[in-house]
Amino acid sequence: MDNLQLWQRYQDWLYYHPNLELYLDVSRIPFDEAFLKGLEAKFERAFQDMAALEQGAIANPDEQRMVGHYWLRAPELAPNQELRDEITEPLAQIKEFVKKIHSGAIKPPNRSKFTHILCVGIGGSALGPQFVGSALSPLNPPLEIAFIDNTDPKGIDRTLAHLPLATTLVIVTSKSGGTPEARNGMLEVRNAYEKQDLDFPQHAVAVTMPGSRLDKYAQDWLTRFPMQDWVGGRTSELSAVGLLPAALQGIDIDEMLAGAKEMDIATRVHNLKKNPSALLALAWYHEGNGKGEKDMVILPYKDSLYLFSRYLQQLVMESLGKEKDLDGNKVYQGIAVYGNKGSTDQHAYVQQLREGVPNFFATFIEVLKDRQGDSIEVETGSTAGDFLSGLLQGTRQALYENSRHSITITIPEVTPRQVGALIALYERAVSFYASLVNINAYHQPGVEAGKKAAASILDLQRKIVQVVRETGTSLDLATLAAKIGASDQVEAIYKIVRHLNANRRSLTITGDLSKPETLQISAR
Ligand SMILES: O=P(O)(O)OC[C@H]1O[C@H](O)[C@H](O)[C@@H](O)[C@@H]1O
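Mapping of the sequence shown onto this note's numbering: position 462 corresponds to residue 1213, and the numbering continues sequentially without gaps.
Dropping the structure here:
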């Protein structure tokens, strides 16, 4: 196609949402009418699946759960009053709590106000708040935010070193209330408070499912906010998980919810060409042949959106990355997501995108307004923002010229409304795509395997320490393994022993470190 034909295609396929002022351009995904026709039946089913899900069907059959994240911004659509209350009551509770924190009515002991928030949580209990915080936090927020989203001791130390604990409010978020990383982070933070003679419960709140281990543990904390059983971690940004930290930072959560609600209305339209999430799912299907053959590269040309790709990585990959379809066939589905931001990434990996393996499609996110206030000219007639805009257009064009396809989403500004809308746009696109390829997007059976393996490693470690202590003499790895009754686990034992030795805990190793079979292990 020449430039004028492409311009025509752009106009033919342009989606525009007038209230959200959001454009979606799929013109650089070269599907044709025949491709569209071929998918019509699948989309009909996707629309029906969506309607059933929103009416309260068990859309997550493995876990026998409803999937209700779309109700979070339209409680009136939830199938019964009990579910509606599960949304409206925590929301009112959040607003009340935030008002009291901001006014100082709830304050830390011996100080007039909380000044910082420390969020402890992982996966869906961290990625949304991190993304929204970096996208929307005002320049001078009422509370500064920090995160502990791992069980890395050094990482925890670094985060804690920058925080005034006496005026820091700790939010521990875990839907299940039993995730080890979140529990470890909480215990480490609690220990830091106690070392400074600070009363941790007077600084802490929990976001978790009622009745969870965390819920029980946090009985004497400032307060607890409930998480709904029917909201998955990766779609929980518009539940208490995301709304509480956002509101504390002074972000307008009503606007976030309103933007998502508006987008949800647009993505309920049973017309492929007029439904932005359906168009996205269609583009993904086209690019990856319905099998995820191409990766999704997310390139927002706006620094404040740089965590969007990380957020989407979980939303898309944990939802779509599945071994089996709904009928039990092995399908190995998924779409890999990566990205950071433009134009920065042009100086890192865009070389490969332009000329290397053609195994991806790009999604550009364009923000029309450069900044508040005027810009200087960095060259005659051009501002820094003109460069950013030009680089986006240029990259889109250069990729297309070399048969690398792209989607472009354009928004006027990064506001709470737009961010809510973007989240809702992708949530629904994931739901549609899952229907197209007949998978359950709402469970994550694969995550359990790594968790179970980690638990058995820690179990092995306890046995190693016990045997080494009891033996009293030094042991080689094979003997140690045999004594534990785990001769086939020598490699795991070797790695545990090496880690304990590096941290000067329980035992010590001697011998030639390059030859594991020479090592002797003894109690420290
Ligand atoms: O919120 P939590 O229950 O602590 O879960 C945190 C995360 O852990 C997991 O392993 C899941 O795969 C994620 O979907 C979840 O968001």
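All C-beta atoms, glycine included, are put in the ideal place defined by N, C-alpha and C. Note that the coordinates shown come from a computational prediction; the quantities given were computed from them, not determined experimentally.
Please name the residue in the options whose C-alpha comes closest to that of residue i.
| i | options | result |
| --- | --- | --- |
| Q1084 | K1246, F951, L790, A1185 | A1185 |
| K1120 | K1053, F976, L1228, S1157 | K1053 |
| A1099 | L1050, I1260, G1136 | L1050 |
| P830 | P893, I852, A803 | A803 |
| E814 | Y1193, S1273, S1207 | Y1193 |
| H1021 | L1270, A797, Q762, L842 | A797 |
| F882 | V1218, Q1065, T1161 | Q1065 |
| K851 | V1088, P841, F865 | F865 |
| H913 | Q970, G1141, T839, V940 | V940 |
| W822 | Y767, Q979, R934 | Q979 |
| R1256 | L1264, P1267, I1272 | I1272 |
| R1287 | W758, A1229, T1134, L1150 | In the structure as shown, the chain starts at 752 and stops at 1275, and residue 1287 therefore has no counterpart that could be examined. |
| A1205 | F1183, T930, V1108, L973 | T930 |
| N1080 | E1038, A1243, N1189 | N1189 |
| I899 | M937, P893, R985 | M937 |
| M801 | I922, A897, R1019 | R1019 |
| A1087 | S1060, K926, T974, M960 | S1060 |
| N1252 | Q832, V1216, A1232, K793 | V1216 |
| A792 | E833, K1266, L1187, A1237 | L1187 |
| I896 | G874, P915, C870, G875 | C870 |
| L1056 | N1091, L878, L775, W1035 | N1091 |
What does DSSP give as the partner residue(s) for residue i in the beta ladder?
| i | result |
| --- | --- |
| D1046 | F1111 |
| V958 | T924, F976 |
| T910 | Answer by DSSP bridge pairing: none, since T910 is not bridged. |
| E1117 | T1161 |
| R811 | The amino acid at residue 811 is misidentified as Arg; the sequence shows Asn. Partner(s): R816. |
Can you tell me whether DSSP reads residue i as helix, strand or coil?
| i | result |
| --- | --- |
| Y1083 | coil |
| P1051 | strand |
| E1164 | coil |
| D776 | strand |
| E881 | For the record, residue 881 in the displayed sequence is Gln; it is not Glu. Here Q881 sits in helix by DSSP. |
| F798 | helix |
| E1130 | strand |
| Q832 | helix |
| S1207 | helix |
| H768 | strand |
| K1266 | coil |
| L887 | helix |
| K1073 | coil |
| L1226 | strand |
| R816 | strand |
| T919 | strand |
| N861 | coil |
| H1156 | coil |
| T930 | coil |
| W1035 | helix |
| W981 | coil |
| N1303 | The question about residue 1303 has no answer here: the residues shown for the chain are numbered 752 through 1275. |
| F951 | helix |
| P892 | coil |
| A825 | coil |
| P1196 | helix |
| M752 | coil |
| N1026 | coil |
| N1040 | coil |
| T1146 | helix |
Check for me: the beta strand (DSSP E) holding residue i runs from which residue to which?
| i | result |
| --- | --- |
| L1258 | 1258-1261 |
| S899 | Note that residue 899 corresponds to Ile in the displayed sequence, not to Ser. Here the beta strand (DSSP E) through I899 covers 895-899. |
| I1272 | 1271-1274 |
| V1088 | 1088-1090 |
Where do the ends of the alpha helix (DSSP H) carrying residue i lie?
| i | result |
| --- | --- |
| I868 | Taken as a continuous stretch (DSSP letters only), I868 belongs to no alpha helix (DSSP H), being part of the beta strand (DSSP E) at 867-871. |
| I1016 | 1004-1017 |
| K967 | 964-968 |
| I1190 | First-last for I1190: undefined, no H or E at that position. |
| E1106 | 1101-1106 |
| V992 | 991-999 |
Any 3 or more C-beta pairs closer than 8 Å across the segment 1014-1033 and the segment 1170-1185: With the cut-off at 8 Å, the segment 1014-1033 and the segment 1170-1185 touch.
Three or more C-beta pairs below 8 Å linking the segment 996-1016 and the segment 1161-1173: In short, these stretches touch, since the Cβ pair count reaches three.
Stretch pair the segment 838-852 + the segment 996-1005: three plus CB contacts closer than 8 Å: Taking 8 Å as the limit for Cβ pairs, the verdict is that the segment 996-1005 does touch the segment 838-852.
Cβ pair count under 8 Å reaching 3, the segment 1144-1159 against the segment 982-994: With a cut-off of 8 Å, the segment 982-994 and the segment 1144-1159 do not count as touching, because too few Cβ pairs lie within range.
At least three beta-carbon pairs within less than 8 Å, the segment 950-957 to the segment 856-874: The segment 950-957 vs the segment 856-874: in contact.
Contact the segment 1105-1113 vs the segment 1034-1047: 3+ CB pairs below 8 Å: Segments in contact, yes.
Cβ contact (3+ pairs, closer than 8 Å) linking the segment 903-918 and the segment 957-967: Not touching, per the Cβ criterion.
Any 3 or more C-beta pairs closer than 8 Å across the segment 1068-1075 and the segment 876-890: They do not touch, by the three-pair rule.
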